[in-house]
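For reference, the structure is listed below as structure tokens.
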Amino acid sequence: EELRTGERAVVCFRFMKHPEYLRVGAKLLFREGVTKGIGHVTHL
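Residue 55 in our numbering sits at position 40 of the sequence shown, with consecutive numbering throughout.
This is the structure we're talking about:
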């Protein structure tokens with residue numbers, strides 16, 4: 016599936032190498048090339 020600008024979804028991230036420090040409720044911002052996203056951690 017794909018998301019277009021302005022659409023929302025629940026996604027699951029899996030870190031490939033070193034997991035980052037996260038906590039429930041923390042804000043999350045990611046960027047890879049032209050792909051960008053913002054959200055918050057709902058569960059671990």
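Don't be surprised by glycine CBs; every beta carbon is placed ideally from N, CA and C.
Counting along the chain, the unbroken beta strand (DSSP E) around residue 45 starts and ends at 42-47.
The Cβ atoms of residue 56 and residue 43 lie closer than 7 angstroms to each other. Counting along the chain, residue 51 sits inside the beta strand (DSSP E) bounded by residues 50-55.
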